[in-house]
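So the sequence lines, in the order shown, correspond to chains D and R. Taking this note's numbering, the leading residue of the first sequence gets 1, the next gets one more, and so forth. Taking this note's numbering, the leading residue of the second sequence gets 1001, the next gets one more, and so forth.
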Amino acid sequence: MEFLQQLINGLSLGAIYALIALGYTMVYGVLRFINFAHSDVFMVGAFAGFYLGRVLPAASFGGGLLVLFGAMVICAVLGVVIEKLAYRPLRGRSTLTVLITAIGVSLLLQNAGQLIFGANPKSFPKLFPQHNFTFGGMVLSSDQIAVFVVTIAILLGLHYIVMKTRIGTAMRALSFNPTAASLVGINNDMVISFTFALGSALAAAGGILYAINYPSIDPLMGTLPGLKAFVAAVLGGIGNIPGAALGGVLLGLIETLVVAMGGSTYRDAVAFAVLILILLVRPSGLLGKLQAEKV
Amino acid sequence: MLSRSQYYLLAAIAVAFGASWFSRSYNPYFLDIAVTCGINITLAVSLNLINGYTGQFSLGHAGFMAIGAYSAATVTTIFGDKLLPLVGGQTWILFPLALYAGGLVASLAGLLVGVPSLRLRGDYLAIVTLGFGEIIRVLLQNINAVGGARGMINIPEYTNLFWTFGLAAITVYTVWALVNSTYGRGFIAVNDDEVAAEAMGINTTRYKITAFVVGAFFAGLAGGIYAHFKQYIAPQGFGFDKSIEIVVMVILGGMGNTVGVIIAAVLLTVLTESLRKFGDYRMILYSLLIIVLMITRPQGLFTWTAKRKTA
Chain D
1 MEFLQQLING LSLGAIYALI ALGYTMVYGV LRFINFAHSD VFMVGAFAGF YLGRVLPAAS
61 FGGGLLVLFG AMVICAVLGV VIEKLAYRPL RGRSTLTVLI TAIGVSLLLQ NAGQLIFGAN
121 PKSFPKLFPQ HNFTFGGMVL SSDQIAVFVV TIAILLGLHY IVMKTRIGTA MRALSFNPTA
181 ASLVGINNDM VISFTFALGS ALAAAGGILY AINYPSIDPL MGTLPGLKAF VAAVLGGIGN
241 IPGAALGGVL LGLIETLVVA MGGSTYRDAV AFAVLILILL VRPSGLLGKL QAEKV
Chain R
1001 MLSRSQYYLL AAIAVAFGAS WFSRSYNPYF LDIAVTCGIN ITLAVSLNLI NGYTGQFSLG
1061 HAGFMAIGAY SAATVTTIFG DKLLPLVGGQ TWILFPLALY AGGLVASLAG LLVGVPSLRL
1121 RGDYLAIVTL GFGEIIRVLL QNINAVGGAR GMINIPEYTN LFWTFGLAAI TVYTVWALVN
1181 STYGRGFIAV NDDEVAAEAM GINTTRYKIT AFVVGAFFAG LAGGIYAHFK QYIAPQGFGF
1241 DKSIEIVVMV ILGGMGNTVG VIIAAVLLTV LTESLRKFGD YRMILYSLLI IVLMITRPQG
1301 LFTWTAKRKT A
């Protein structure tokens, strides 16, 4: 029973990692760089939820979903703005230049956050009605159910967008070959903006789901979940959308199990150990394809 | 017969010794900034060997620094009572030995990180080194013998201007001499085009590992100096932020431009101090500086020659 309980906790943590990891993987797919600022968009999402949660009715089903949706829109706009101002001028430059800029954007968001939101941790309001369901010894909180329902809904929506819509087809084309994509009439800049909007909206959803389960938020909260989500993206194979979801769930499970076995002081090191291991053993990730280097 | 650069090295060490002799008459605040400058020069120049000349991307330099700091501080603080009589009670013998031990342990860690770098490049390597730095931090937090998360206290104050700038001079000389030697051309070849370098028969693996080992060694020494300067070290002080700080110095000065990196290290140290009155805005200015710099002058503030193309 204890094991099943930890399994549920691990799955709900993993679902949140998966949502953040999807943003990393999609941006990597179209632009081939690690968007370090993604973890801070996640933080902004949680804070957007915090402030919206004050305006909208708390602890109601509709209100909670409205807050979630509002935060996703705010972060989508933020993601597009970041891409336009910081990354677009660097199109075609070396990976390191873009990577360092991304670190700069990340620091900017963190410090602007400390200035605007205050550096002290804030306690996150209850967005959804609270109820604990017990199944013979196991406890499943309504917040955990919210995590599962929202994550599955978002994953299905994302699958539909990427596989069935025109813009999703364009995204896949772009990640396959940017030059060829623009040759067949795809507006690359527009698709990249859309990808950032989508990824950032997912980060916001992740931020809110994280905050309702770990209800203390501060401007530096994004760093560790962000890095772990990145590890999840690499674990599943970066650039691979189902891989990111799988990697997130696996990482959440591994971390929770290590904590349950008494290694709680090492919980932050687990993800990085997994990362180094996967890069040594299977650098392309679980679902990724190995690409030969062209000279 | 000494070469010209070796004369410069000796001259720099002599100046450091001379300056150190009168250190009691200096303003302590000035002294504090001067020592911080010296430590930052060592850190930035050693990282420049990895990130600038060899074209690898390490985000874990603070991790190497932490290893050096903790190792050296362990030698002087925990084993100091037993070791000091062995060297006749002379701290000026014990201190460099402790520093050296710290450097060696750090370079061993550099070897460990260098090995995955064979298979990874660019952003992947950045993340692995970042993860390595975090693992070091978490491990140190869990070792109670060195204070755990509370940090290590009562480290003797052995650092002075002589050790700090003597080390900075040796670091600058070593990196400069290494890169400008026939052997050292290999580092630049790895940076320019790894595939072409390999095709020319250069052992790129070995160069990459060498860069990590040498860079980590000096970062470890700088960590030892830092520990015996602040007299208190804690794992949180060697986090991601510290690594970024060193990376920014290298970028600002220009990757693979030692003189520029030295200027940038001094400039940023002084700037950090003088921006203190802006309080909360300091880090915002700092991050904006990185972004604007990357968009307008990715080759660094102090590099005027055409930027070498990096893949």
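Each residue gets a CB set at the ideal place from its N, CA and C atoms; glycine is no exception.
- For residue 3 of chain D, no CB of chain R lies under 8 Å from its own CB, so it is not counted at the interface with that chain.
- Among the CB atoms of chain R, one or more fall inside 8 Å of the CB of residue 90 of chain D.
- Within the same chain, 174, 178, 181, 182 come within 7 Å of residue 188 of chain D by CB-CB distance, once the 5 residues on both sides are set aside.
- In this structure, DSSP gives residue 1152 of chain R an extended state, which the three-state scheme calls strand.
- Within the region 1097 to 1111 of chain R, contact with chain D at the beta-carbon level (separation under 7 Å) is assigned to no residue.
- In this structure, residue 1232 of chain R and residue 1151 of chain R form a Cβ contact; the two beta carbons are roughly 6 Å apart against a cut-off of 8 Å.
- Rounded to whole angstroms, the gap between the alpha carbons of residue 242 of chain D and residue 11 of chain D is 16 Å.
- Secondary structure of residue 47 of chain D (DSSP, three-state): helix.
- For residue 134 of chain D, the beta-bridge partners assigned by DSSP are D:139.
- At the C-beta level, residue 1033 of chain R and residue 1270 of chain R come within 8 Å of one another.
- Annotation: residue 1102 of chain R to residue 1031 of chain R spans about 24 Å, alpha carbon to alpha carbon.
- A straight line joining the alpha-carbon of residue 1130 of chain R with that of residue 281 of chain D spans about 19 Å.
- Note on residue 1200 of chain R: under 16 other CB atoms within 10 angstroms of its CB, so exposed under the neighbour-count rule.
- With contacts defined by Cβ atoms closer than 8 Å, residue 143 of chain D and residue 213 of chain D form a contacting pair.
- Residue pairing from DSSP places residue 217 of chain D in a beta bridge opposite D:122.
- Fully contained in the region 1 to 81 of chain D are the following alpha helix (DSSP H) runs of length 4 or more, in chain order: 2 to 31, 38 to 55.
- Between the region 1015 to 1030 of chain R and the region 1209 to 1217 of chain R, the count of Cβ pairs shorter than 8 Å is below three; the stretches do not touch.
- Here residue 1143 of chain R carries a coil assignment [DSSP, helix/strand/coil].
- Here residue 114 of chain D is not near residue 40 of chain D, since their CB atoms are 8 Å or more apart.
- Closer than 8 Å to the CB of residue 100 of chain D there is at least one CB belonging to chain R.
- Across the structure, residue 1082 of chain R and residue 14 of chain D are spaced so that their CA atoms are roughly 50 Å apart.
- Within chain R, the residues 1134, 1138 have their CB atoms less than 7 Å from the CB of residue 268 of chain D, given in chain order.
- Selection D:37, D:271, D:167, D:129 evaluated against residue 87 of chain D yields D:37 as nearest (Cα-Cα).
- Between the region 1236 to 1255 of chain R and the region 1283 to 1299 of chain R, the count of C-beta pairs closer than 8 Å reaches three or more; the two stretches touch.
- Looking only at D:186, D:198, D:206, D:24, the smallest Cα-Cα distance to residue 160 of chain D is reached by D:198.
- With distances taken between CA atoms, residue 1139 of chain R lies nearest to D:268 out of D:5, D:132, D:249, D:268.
- A direct Cα-Cα distance of roughly 16 Å separates residue 1159 of chain R from residue 1219 of chain R.
- Around the beta carbon of residue 134 of chain D, a 10 Å sphere encloses fewer than 16 other beta carbons of the protein chains shown; the residue is thus reported as exposed.
- At a cut-off of 8 Å between beta-carbon atoms, residue 188 of chain D makes no contact with chain R.
- Beta-bridge partners of residue 1263 of chain R (DSSP): none assigned.
- Nearest Cα to residue 69 of chain D within the set D:5, D:200, D:130: D:200.
- Below 8 Å, enough C-beta pairs join the region 246 to 253 of chain D and the region 15 to 31 of chain D to call them touching: three or more.
- With contacts defined by Cβ atoms closer than 8 Å, residue 124 of chain D and residue 203 of chain D do not form a contacting pair.
- Looking at the backbone, the Cα of residue 27 of chain D and that of residue 196 of chain D are separated by about 7 Å.
- Per DSSP, the continuous alpha helix (DSSP H) segment holding residue 1212 of chain R begins and ends at 1204 to 1230.
- For residue 1109 of chain R, the enclosing alpha helix (DSSP H) covers residues 1091 to 1114.
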